[in-house]
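For the record, the sequence lines run as chains P and A.
Numbering follows my numbering, in which position 26 of the first sequence is assigned residue number 26; successive positions increment by one, without gaps.
Numbering follows my numbering, in which position 239 of the second sequence is assigned residue number 239; successive positions increment by one, without gaps.
This report concerns only the one structure given below.
Number of protein chains: 2
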Amino acid sequence: MSSTSTTAQDKRLRDWAYLSKVAEAPCAPLAELVTELGPEDAAHVVRERALPPALAKPTASRRHLDTAEADLDLVQSLGGRLVTPDDDDWPAWRMLSFQSAAASGVRDAVAPLALWVLGGASVQELTHRAVAMVGTRAASGYGEHVTAEFTHDLAADGWTIVSGAAYGIDGAAHRAALAARGPTVAVLACGVDRCYPSGHGALLSQIARAGLVVSEYPPGTTPAKHRFLARNRLVAALSDAVVVVEAGWRSGARSTATWARNLGRPVMAVPGPVTALSSAGCHRMVRNQEATLVTSAAEIAEEAGRIGELAPASPMGLFELQPLDGLDLVSRQVHEALASAGGASERELAERSGLPVTQVRGALPMLEMEGLVRWEEDGWHRLRHRGRLR
Amino acid sequence: MSSTSTTAQDKRLRDWAYLSKVAEAPCAPLAELVTELGPEDAAHVVRERALPPALAKPTASRRHLDTAEADLDLVQSLGGRLVTPDDDDWPAWRMLSFQSAAASGVRDAVAPLALWVLGGASVQELTHRAVAMVGTRAASGYGEHVTAEFTHDLAADGWTIVSGAAYGIDGAAHRAALAARGPTVAVLACGVDRCYPSGHGALLSQIARAGLVVSEYPPGTTPAKHRFLARNRLVAALSDAVVVVEAGWRSGARSTATWARNLGRPVMAVPGPVTALSSAGCHRMVRNQEATLVTSAAEIAEEAGRIGELAPASPMGLFELQPLDGLDLVSRQVHEALASAGGASERELAERSGLPVTQVRGALPMLEMEGLVRWEEDGWHRLRHRGRLR
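Next up, the structure:
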C-alpha cells in the first residue's frame with residue numbers, strides 16, 4: 001500500500017502522524033481527546049475547532065502545521081513506519097500500566113499516541129521479554145565491561161535489550177546485544193531520522209537493521225532535555241525491568257528507574273567500587289531501597305521474570321499488590337475508566353475507555369462481584385479498596 | 001597486690017582463671033553453674049564433686065589440671081590481666097545481649113566467663129563506642145584501601161575499631177586504626193600469649209601497647225577452627241555494629257555477621273566490583289537483606305549509632321522490636337530468668353538470675369503491669385507477646 005493512496009486507512013494514519021506532532025509529548029489532554037474521539041475526529045477538532053485552554057495552549061504553535069504526509073514518506077524512505085494503536089503490532093499491554101500510574105497521580109503518565117519506528121522487526125515481539133540496561137554516559141571501563149557481560153548472557157537467554165542509545169552504558173548495552181546477535185531496541189529523545197548522539201550514527205543504523213529504533217517524536221524533532229526525561233518513561237514502559245549498571249549521584253538513569261517503579265517494573269542496580277563516582281547512584285538506590293542489588297545476568301533474569309507478580313506502583317513509588325490481577329483486559333480498561341471522581345454512566349465509561357457500550361455492560365457485573373466497583377445514585381464508582389468507596 | 005598473696009580476692013581470681021580453662025568456651029552448663037553458685041563454689045564443685053553429665057563431659061579432661069596461678073602470672077608478666085565479672089571494667093551491658101539471644105534459642109549464645117587481656121586500657125571504655133571491621137583474609141587491594149579509609153575516618157570520629165587480627169581485612173583495620181592513633185581491640189581465637197597469625201607478631205604487640213588484645217581462652221591455648229567461630233561471637237558482642245568490607249561467597253566474616261544479628265547489632269556490607277570474588281559475600285548479604293549496604297564511614301557511624309534502637313534478634317536472625325526497651329537492668333534479668341518453660345517461684349528466679357529475692361520481688365509487679373509476665377498456679381510465666389502465654 002503506497003503512502004500516496006487515499007484510502008480511509010491512509011487518512012487515519014496521517015491523522016495519527018499529525019497528532020503525534022501537534023503537541024509536545026507527553027500531552028495528557030491530547031491523549032484523552034484521542035481516546036475519547038478516536039484519531040480522525042481528534043485531529044479534525046484540533047485542526048478546526050476552538051479548543052479549551054488545556055488543549056489550545058499545547059497545540060497553538062503546531063496545529064496549522066500539517067507535515068503528516070511528508071513525515072510518513074520520510075520515515076518510509078528510511079525503511080520505517082508509524083506504529084499506532086490501530087496496528088496489531090501496537091504493544092497495548094505494555095501501555096496499560098500508564099493508566100494505573102496516572103490513576104495513582106503520577107505526572108506525565110501518558111502512553112505515547114503512536115511510535116515512529118525504524119527497523120523491520122515487530123514492536124510487540126521484540127518487547128515481549130525485554131530488559132532495559134541503562135546508565136551513565138561517563139561509564140567506567142568496569143561499567144562497560146559489566147554491561148557487555150550481562151547483556152551477552154541476557155541476549156543468549158532470549159531477552160531483548162532496551163536502552164537509550166546514549167554514550168557510555170547505553171551504547172555498551174546495544175553493542176553487546178548486537179555482538180551476541182540478540183535483538184535490541186533504542187528509544188530516542190529525537191526523531192528517528194536524527195542521528196543522536198552524533199558518534200552513534202553507525203550504531204543506530206545497525207540497531208535499525210537488527211532490531212528497532214523507536215521514538216514518539218515525529219521526524220525532524222531535535223533532542224532536548226525534557227525529551228530525554230519523556231523518553232526514559234518509554235524505556236521503562238517497553239521493558240519488563242530496568243537495570244542501572246552505573247550511575248553518578250545525580251544521573252538520568254535514576255529518572256528511568258523512577259518511571260520503572262511508577263509503572264510497576266522491577267528496578268535493579270549493579271554495585272561497584274565505593275571509590276568510583278560512577279557507582280554512587282547505584283549504591284544510593286540500593287540503600288534507599290529503590291533498587292535491588294544484582295550481580296549477574298541470572299539474577300536480573302530472575303527479577304525481571306517476576307513482572308507478572310508485580311502490580312503498578314503507588315505514587316510514592318512503592319510496590320503494592322493490586323486487586324486487579326486476574327482481570328481480563330476489558331475489565332481493566334473499564335476499571336481504569338472509573339479512575340476520576342464522581343459517578344459515571346455506562347455510556348460515559350464507553351467513551352472514556354474507547355470500548356463499545358456492550359463490552360462495558362458485560363464487564364461491570366464481574367467488577368461489581370469482585371468488589372471493585374459499585375453502583376450509586378449518580379452512576380458507577382470505583383472502590384479503592386474492596387468494599388470501600390474511594 | 002602481688003599475685004602470690006593469698007587474699008580472698010586472689011583466690012577468687014584464680015577460680016575464675018581455673019574456670020576459664022576447665023571447659024572449652026563457650027560452655028553453657030558451666031556458665032549457668034557459675035551464674036548460680038558464683039565462681040568460688042562453681043570451681044569447688046567442678047574440682048571436687050561428681051558432676052551431672054552436662055558438666056562432667058566438657059570438664060572431664062581438664063578438671064584436675066589447675067594452672068590458674070601460672071596462667072595469671074604469665075599474663076601479668078606480659079603486662080596483661082584477667083578481667084572477670086567481678087571487675088568494674090567488665091563490659092556487663094555488652095554481655096547482656098547473650099541472655100536475650102539464648103532465650104530466643106540461639107546456640108552457643110553464652111557470654112565469656114572472663115576475658116584474658118593484654119594492654120593497659122579499660123575494656124569498658126575502649127568498647128564504649130566500637131565498630132567491628134572484618135573480612136576475608138584474601139583481601140584485594142581495593143578491600144584493604146577501603147578498610148583503611150573507613151577505619152581512619154571512624155577512628156577520627158572517636159570509634160574504636162574491633163577486629164580479629166587475621167591477615168587481610170582484619171589486619172588492615174588494626175593497622176589503619178593504629179596509624180590514626182585511634183584505639184583498636186584484637187579478639188583472638190587463641191591465648192593472648194600466642195602470636196597468631198605468625199606474621200602479625202609486631203602488629204599484636206602494637207595493639208597491646210595502644211589498645212587491647214583480648215581472648216576468652218587461657219594462655220597457651222592454640223588456635224582451632226571452632227575457636228575462630230566462638231571468637232567471632234565476641235567480636236560482635238564487643239562492638240556496636242559489624243562491617244564486612246570484603247568476603248568471599250563462603251567467608252568466616254559471615255559468621256561474625258550472623259552473631260551480630262543474633263545479638264541485635266546492625267550488620268553492614270561494603271559493595272565492590274561484581275567481577276571480584278572478594279565482594280561476592282558482601283553482595284550476597286545485601287541481596288538477602290542480612291546486611292545494609294554502606295559506602296562511607298559516615299554511613300557506618302550513622303548505622304552503628306542506632307544500636308540503642310535495635311533489640312536482640314529472633315533466632316531467625318531478623319531484627320524485631322522487643323517490648324523490653326525501657327526496662328531497667330534488674331527487670332530485664334528477671335525477665336530473662338523466666339526464659340525456660342514452666343512456672344518459677346521468686347526463689348527460683350533469684351537463683352537463675354543471681355539477683356537477691358528482694359530485687360526479684362520488686363521487679364515482678366512492674367513486669368506484670370507491662371504484660372510481660374503472668375502468675376499462674378505453678379509460678380511465674382513469661383509472656384512471649386504482651387498478654388499471651390508463651
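Glycine included, C-beta positions come from ideal geometry on N, C-alpha and C.
- By the Cβ criterion, the stretch 234 to 242 of chain A is not in contact with the stretch 35 to 48 of chain A, since fewer than three pairs of Cβ atoms, one from each stretch, lie closer than 8 Å.
- Spatial neighbours of T84/A in its own chain (CB-CB distance under 6 Å, excluding positions within 5 residues in sequence) are listed in chain order as W16 and A114.
- By alpha-carbon distance to V243/P, the top candidate from W159/P, R94/P and V75/P is W159/P.
- At least 8 Å separates the CB of V134/P from every CB of chain A.
- G105/A sits exposed, since fewer than 16 C-beta atoms from the chains shown fall within 10 Å of its C-beta.
- The continuous beta strand (DSSP E) containing A241/A extends over residues A241 to V244.
- The beta carbon of A92/P sits closer than 6 Å to no other beta carbon from its chain once the five residues preceding and following it are set aside.
- For secondary structure counted as the alpha helix (DSSP H) over 4 or more consecutive residues, the stretch 18 to 98 of chain A holds these complete runs in sequence order: 28 to 48, 53 to 59 and 68 to 77.
- Residues of the stretch 259 to 272 of chain A with a C-beta atom less than 8 Å from some C-beta of chain P are V270, P271 and G272, listed in chain order.
- Counting only runs of at least 3 residues, the stretch 181 to 229 of chain A fully encloses the following beta strand (DSSP E) elements, listed from N- to C-terminal order: 184 to 187 and 212 to 215.
- Annotation for T256/A: the continuous alpha helix (DSSP H) segment containing it runs G252 to N262.
- Going by DSSP, S353/A is part of the alpha helix (DSSP H) stretching over E346 to S353.
- No Cβ of chain A is located within less than 8 Å of the beta carbon of H152/P.
- Sequence-distant Cβ neighbours of S61/A in its own chain, meaning closer than 8 Å and more than five residues away, do not exist here.
- The stretch 213 to 222 of chain P makes contact with the stretch 184 to 195 of chain P, as at least three CB pairs between them are under 8 Å.
- If you check each beta-carbon in the stretch 11 to 24 of chain A against every beta-carbon of chain P, none falls closer than 9 Å.
- Contact between R382/P and L338/P holds: their C-beta atoms lie close to 4 Å from each other, under 8 Å.
- Between V334/P and L367/P, the CB-CB gap stays under 8 Å.
- Here Y167/A is not near G201/A, since their CB atoms are 8 Å or more apart.
- About 6 Å separates the CB atoms of I161/A and V131/A; that is less than 8 Å, so the two are in contact.
- C-alpha of V45/P to C-alpha of D153/P: approximately 50 Å in a straight line.
- Using a Cβ-Cβ cut-off of 8 Å, T147/P does not count as an interface residue toward chain A, since no Cβ of chain A sits closer than that to its own.
- The alpha-carbon of Q124/P is positioned some 13 Å away from that of D86/P.
- Closer than 9 Å at the C-beta level to chain P, one finds these residues of the stretch 286 to 300 of chain A: V286, R287, T292, L293, V294, T295, S296 and E299.
- L338/A: not part of any beta strand (DSSP E); DSSP gives it neither H nor E.
- Sequence-distant Cβ neighbours of G182/A in its own chain, meaning closer than 6 Å and more than five residues away, are A155.
- Secondary structure note for T136/P: it is in no alpha helix (DSSP H), with a DSSP letter that is neither H nor E.
- Check the Cα spacing between S255/P and each of V270/P, L277/P, V274/P and G281/P: the tightest is with G281/P.
- For V146/A, the secondary structure class from DSSP, reduced to helix, strand or coil, is helix.
- Taking 8 Å as the CB threshold, V242/P stays off the interface with chain A.
- Chain order gives no chain A residues near V34/P, where near means a beta carbon separation below 9 Å; the closest approach is about 43 Å.
- C-alpha of M268/P to C-alpha of T147/P: approximately 13 Å in a straight line.
- Contact with chain A is found for H283/P, since one of that chain's Cβ atoms lies less than 8 Å from the residue's Cβ.
- Looking at the DSSP output, G379/P shares a beta bridge with E376/P.
- Taking 8 Å as the Cβ-Cβ cut-off, the stretch 341 to 360 of chain P has no residue approaching chain A.
- In this structure, the straight-line span from the alpha carbon of P52/P to that of W380/P is close to 27 Å.
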